[in-house]
Amino acid sequence: MNQLRPNLNRIPWVFLLLLLSFLGRAEAVTEHPMVSLEGETQGTSYHIKYRDEQQRNLKKEIDSVLVTIDNCLSTYVADSEISQFNRSETMHRFRLPYFYPVLKKSEEVFRETNGAFDPTVMPLVEAYGFGPKKVRSTGPVNVDSLLQLVGFRNVLFDAVSIRKVKKNIRLDFNGIAQGYSVDVIAEFLERKGINRYMVEIGGEIRTKGPKGDGQTWTIGIENPLQPGKMQTTMKLVNRAMTTAGNYRNHYQSNGQTFSHIINPKTGSMEQSSVLSVTVFAPDAITADGYDTAFFVMGLEATKRFLARRPDLDVYILYTSEDGQLKAFASEGLKNL
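Take 4 as the starting number for the sequence shown in the working numbering and just add one per residue.
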């Protein structure tokens, strides 16, 4: 099984409803039947649906692309490109076409959020017990020491290679690579002439075109205080959507709760009123990078950030001071 990230590292609280496909409503005569594919990848599952005049089954090709992405970006593959870079002391020359685009987007999100998203957080991720080794922490983490190994400015790269400014810098793309995988598959479908689709990997989703005659893709967002129960549903039209949260992927040790979302600026695990952040963007890599950053930034800072980014929308679930579940939806979502 591919292992870009473990099952719980990307939280499966975002449900694809596909409400109209199975409620007995007949397809229009002119519609081609929906092609539906599903499988396992990157420690989770994927579901892909598309309209294709040729009714092609592209699962074999899609699975091959996803394996290649793992061989580039997965820290769970010992000889992947990112694993080789993490073990190296100097320069790494890219072998596959996926490393550089993720670095470029990571640089953008790092810069735009003032470091709230930082893929060099790997030493902290491992120290808290959420890396590939899955060694659970049993005591205090030496945050001050580990923060010396965190900082995206400690890597330099161009379109062909990457090198470390400081020894022992290591990358972790688990906060952005799954969204990127969705985009790669979406673009693969478009090269095949398919322009009506839904691609979902581990809850990260991108759609294009209408689902059916007069139908749109409909998704649901889970209530984090009642897992398995949906908080709301929304239409997703020619857009991508990803979610970050810490209410599933955590563990307890010696009376302390360890959460997988870590603030790269302080080295601390996030303990806030925010429970989940769902981001809507033109593509999934953008949504995936910003969802973790917004979780770290918190509700008010995210609101201020969105004032200058009309291309992004968010749906944030958080608890009020009296413990009640509250929701914030940005303006662009209110008619969806």
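For glycine and all other residues, C-beta sits at the position ideal for the given N, C-alpha and C.
**Asked** Out of curiosity, what's the CA-to-CA distance linking Arg312 and Asp291?
**Response** 15 Å
**Beta-carbon proximity list for Ser83, same chain, < 8 Å, skipping 5 on both sides** = Asp73, Asn74, Cys75, Leu76, Ser77
**Request:** Mind listing, in chain order, the continuous alpha helix (DSSP H) runs of no fewer than 4 residues lying wholly within the stretch 114-174?
**Result:** With a minimum length of 4 residues, the continuous alpha helix (DSSP H) runs that stay inside the stretch 114-174 are 125-130, 146-150.
**Request:** Counting only runs of 4+ residues fully inside the stretch 260-323, write out the alpha helix (DSSP H) ranges in chain order.
**Result:** Taking 4 residues as the minimum length, the alpha helix (DSSP H) runs contained wholly in the stretch 260-323 are 287-300, 302-309, in order along the chain.
**Prompt:** Comparing the C-beta of Ser39 with each C-beta of chain C, is any distance below 8 Å?
**Reply:** In the structure shown, chain C cannot be found, because there is only a single protein chain.
**Asked** Quick one: any contact between the stretch 154-163 and the stretch 296-303, if contact means 3 or more CB pairs under 8 Å?
**Response** no
**Asked** Excluding the five sequence neighbours on either side, which residues of its own chain have a C-beta within less than 6 Å of the C-beta of Asp286, listed in chain order?
**Response** Asp186, Ala243
**Request:** With a threshold of 16 other CB atoms inside 10 Å of the CB of Gly270, please say whether the residue is buried or exposed.
**Result:** The C-beta of Gly270 has 16 or more other C-beta atoms within 10 Å across all chains shown, which makes the residue buried.
**Request:** Determine the contact status of Ala247 and Phe331, defining contact as a CB-CB distance below 8 Å.
**Result:** no
**Request:** Compare the beta carbon distance of Phe113 and Phe120 with 8 Å and say whether it is the shorter of the two.
**Result:** Yes, they are a contact pair.
**Request:** Identify the continuous alpha helix (DSSP H) that holds Thr71 and give its terminal residues.
**Result:** 62-76
**Request:** Out of Leu69, Arg98, His95, Pro122, state which residue places its alpha-carbon closest to the alpha-carbon of Lys107.
**Result:** Pro122
**Request:** Decide if Ser323 is buried, meaning its Cβ has at least 16 other Cβ atoms within 10 Å, or exposed.
**Result:** exposed
**Asked** What does a CB cutoff of less than 6 Å around Lys169 pick up in its chain, not counting 5 residues either side in sequence?
**Response** Asn157
**Item:** Touch test, the stretch 206-213 against the stretch 142-152, Cβ-Cβ under 8 Å, three pairs minimum
**Value:** no
**Prompt:** In the structure shown, what three-state DSSP assignment does Ser83 receive?
**Reply:** coil
**Distance between Leu339 and Ile197 (C-alpha atoms, nearest Å)** = 25 Å
**Residue from Val240, Pro230, Gly205, Glu207 whose Cα sits closest to the Cα of Thr221** = Val240
**Nonlocal neighbours in the same chain, by C-beta distance under 6 Å from Val202, ignoring five residues either side** = Ile51, Val185, Ile188, Ala189, Arg209
**Asked** Which residue or residues does DSSP assign as beta-bridge partners of Val202?
**Response** Ile51, Arg209
**Asked** If we call anything under 8 Å between Cβ atoms a contact, is Gly231 one with Glu207?
**Response** no
**Request:** Assign Ile197 to one of three DSSP states: helix, strand, or coil.
**Result:** coil
**Prompt:** What's the gap between the Cα of Pro104 and the Cα of Ala310?
**Reply:** 26 Å
**Message:** The beta strand (DSSP E) that contains Glu43, what's its start and end?
**Reply:** 37-44
**Asked** Taking DSSP as the reference, what is the three-state secondary structure of Leu99?
**Response** Coil.
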